[in-house]
Amino acid sequence: MAGAIWHALTTHRELSLAQLKKLVEAKSPIFDWAIGWLAREGKVVIVAKKRSFSVRLK
């Protein structure tokens, strides 16, 4: 799952969490774990927007 997220972000640069989840066709707990792992490893940045969060590669 982390690999699919990484690949999607290399293609699309920055996506909302909802867009990214839909794009990689992920289920909730596994998607959340993969985003958390990538963030902990310093591979992605999670940015707070007004009503959502977006993710981009670091």
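Note that my numbering has the sequence shown beginning at 562, numbered continuously upward. For every residue, glycine included, the Cβ atom is placed at its ideal position computed from N, Cα and C. In this text the structure is predicted, and so the values were computed from the model without any measurement.
When DSSP states are grouped into helix, strand and coil, Ala579 belongs to the helix group. Contact check for Leu581 and Ala569: beta-carbon distance about 6 Å, within the 8 Å limit, so the pair qualifies.
Secondary structure at Ser615: strand, using DSSP grouped into helix, strand and coil. In the DSSP assignment, Ala565 falls within the unbroken alpha helix (DSSP H) covering 563–573. Here the alpha carbon of Trp598 sits roughly 18 Å from the alpha carbon of Glu575.
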